[in-house]
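K.L.:
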Amino acid sequence: MFVKICGLRTAADVTCAVEAGADAVGFVLCKSPRDVGRAEAAELAAGVPDEVLTVGVFKGVPVEAVRAAVAQTGIRAVQLHGSGYTQEDFAALEDLPVKLIRAISLEDGASPAVGEYGEDLLLLDSPQAGSGETWNWSALSTPDGEWLLAGGLSPANVAEAVAAVKPWGVDVSSGVESSRGVKDQGLIRAFLAAARS
């Protein structure tokens, strides 16, 4: 089970996620309670071992600014979140030496396909992305290929979610926080253990 811990803001939290076995760590590079600046993301990403994917998360950020952030931070994956990004936006990033992740918020019954926009990974989030609210996983039409389930996941429910929809991987942010934007290292470790139980 591929596990991404997103919204990391401190070196201690990044180290905790890596040591607990995260496959990817995410840095939010757009307006959010979890955002970090490019210089800070570069510093955090530099301390991550090569076998762990460093992901820059963008929403509402123009493609040229995304390209500049990749160059400045050294992140190895770009996650474009939301319906505001087009196939042309993904095509404009194809020449970069990064994995592309398309993250979309799903309404019940939608059935997106992995690779539809040229992305390497697809992330399916709750209709209220970033809210931490659980959603109706049973209504999800699961795509073929490498896709991540997100939205409302926590150590308490991730095993149930994995059993219900059998994603390739999972992504968590608010579900491992003690307060909005503040990660809890105990919850990070518990989430990783539960996701793989």
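Counting in our numbering, the sequence shown runs from 3 upward without gaps.
Think of the CB as a built atom: it goes at the ideal place given N, C-alpha and C, for glycine as much as any other residue.
(1) Please report the straight-line C-alpha distance between ASN159 and LEU125, rounded to a whole angstrom.
(2) Which term fits ALA14, buried or exposed, when burial requires 16 or more other beta carbons within 10 angstroms of its beta carbon?
(3) Rounding to the nearest angstrom, what Cα-Cα distance links ASP52 and LEU10 in this structure?
(4) By Cβ distance below 7 Å, which residues in the same chain neighbour ALA211 in space, the five residues on each side in sequence not counted?
(5) What is the C-beta distance between VAL172 and LEU150, in whole angstroms, given that I count them as a contact (C-beta under 8 Å)?
(6) In angstroms with no decimal places, state the Cα-to-Cα distance between ALA47 and ALA26.
(7) How would you label GLU66, buried or exposed, when you count the other beta carbons within 10 angstroms and need 16 or more for buried?
(8) Distance, Cα to Cα, GLY49 vs ILE77?
(9) Go to GLU179, then tell me how far its beta strand (DSSP E) extends in each direction, as first and last residue.
(10) Give the straight-line distance between the Cα atoms of SER107 and ASP122, rounded to the nearest whole angstrom.
(11) Would you tell me roughly how many angstroms separate the C-alpha atoms of ALA105 and ASP127, rounded to the nearest one?
(12) In the segment 95-172, which residue ranges form an unbroken alpha helix (DSSP H) of at least 4 residues, counting only runs that do not cross its ends?
(13) Looking at the strands, I want to know which residues DSSP matches up with THR56.
(14) Could you check where the alpha helix (DSSP H) with ILE77 kicks off and where it finishes?
(15) Please report how far the alpha carbon of VAL38 lies from the alpha carbon of PHE29, in whole angstroms.
(16) What are the start and end residues of the alpha helix (DSSP H) that includes VAL5?
(17) Please determine, among VAL5, ALA196, CYS8 and THR75, the residue with the shortest C-alpha to C-alpha distance to PRO157.
(18) Inspect the beta-carbon positions of ALA145 and ALA115 and report whether they are closer than 8 Å.
(19) Based on DSSP bridge pairs, tell me the residues matched to LYS185.
(20) Tell me, which residues are paired with ASP37 by DSSP?
P.N.:
In brief:
(1) Stepping through the sequence shown from its first residue, residue 159 is reached at position 157. Stepping through the sequence shown from its first residue, residue 125 is reached at position 123. It is roughly 18 Å from the alpha-carbon of ASN159 to the alpha-carbon of LEU125.
(2) Translated into positions along the sequence shown, residue 14 becomes position 12. Burial check for ALA14: the Cβ neighbour count within 10 Å stays below 16, so the residue is exposed.
(3) As a position in the sequence shown, residue 52 is number 50, starting the count at 1. As a position in the sequence shown, residue 10 is number 8, starting the count at 1. Near 17 Å, if we compare the C-alpha coordinates of LEU10 and ASP52.
(4) In the structure as shown, the chain starts at 3 and stops at 199, and residue 211 therefore has no counterpart that could be examined.
(5) Here residue 172 is taken as the residue at index 170 of the sequence shown, counted from 1. Here residue 150 is taken as the residue at index 148 of the sequence shown, counted from 1. The pair is a contact, with the Cβ atoms about 6 Å apart (cut-off 8 Å).
(6) Counting from one through the sequence shown, the residue named residue 47 turns up at place 45. Counting from one through the sequence shown, the residue named residue 26 turns up at place 24. ALA47 and ALA26: Cα-Cα distance of roughly 11 Å.
(7) Residue mapping note: residue 66 aligns to position 64 of the sequence shown, counting from 1. Label assigned to GLU66: exposed.
(8) Working through the sequence shown from its first residue, we reach residue 49 at position 47. Working through the sequence shown from its first residue, we reach residue 77 at position 75. Here the C-alpha atom of GLY49 lies approximately 11 Å from the C-alpha atom of ILE77.
(9) Here residue 179 corresponds to residue number 177 of the sequence shown, with the count starting at 1. GLU179 -> beta strand (DSSP E) spans 179-181.
(10) Along the sequence shown, read from residue 1 onward, the residue named residue 107 stands at position 105. Along the sequence shown, read from residue 1 onward, the residue named residue 122 stands at position 120. In a straight line, the C-alpha of SER107 is about 17 Å away from that of ASP122.
(11) One-based indexing of the sequence shown puts residue 105 at position 103. One-based indexing of the sequence shown puts residue 127 at position 125. Between the alpha carbons of ALA105 and ASP127 lies a distance of about 7 Å.
(12) Taking only runs of at least 4 residues, the alpha helix (DSSP H) segments lying wholly in the segment 95-172 are 160-167.
(13) Counting from 1 along the sequence shown, the entry for residue 56 is found at position 54. Under the DSSP definition of a beta bridge, THR56 partners with VAL27.
(14) For this step, residue 77 is matched to residue 75 along the sequence shown. Following the DSSP letters along the chain, one finds ILE77 in no alpha helix (DSSP H), marked with neither H nor E.
(15) Along the sequence shown, read from residue 1 onward, the residue named residue 38 stands at position 36. Along the sequence shown, read from residue 1 onward, the residue named residue 29 stands at position 27. Straight-line Cα distance between these residues: approximately 7 Å.
(16) What you label residue 5 is simply residue 3 of the sequence shown in a count that begins at 1. Judged by DSSP secondary structure, VAL5 falls outside any alpha helix (DSSP H) and instead within the beta strand (DSSP E) spanning 4-7.
(17) To locate residue 157, count along the sequence shown from 1; it is residue 155. Relative to PRO157, the option among VAL5, ALA196, CYS8 and THR75 whose CA is nearest is ALA196.
(18) Residue numbering aside, residue 145 sits at position 143 when the sequence shown is read from its first letter. Residue numbering aside, residue 115 sits at position 113 when the sequence shown is read from its first letter. In the sequence on display, residue 145 carries Pro and not Ala. In this structure, ALA115 lies closer than 8 Å to PRO145 by Cβ.
(19) Working through the sequence shown from its first residue, we reach residue 185 at position 183. Partner(s): GLU179.
(20) As a position in the sequence shown, residue 37 is number 35, starting the count at 1. VAL30, per the DSSP bridge assignment.
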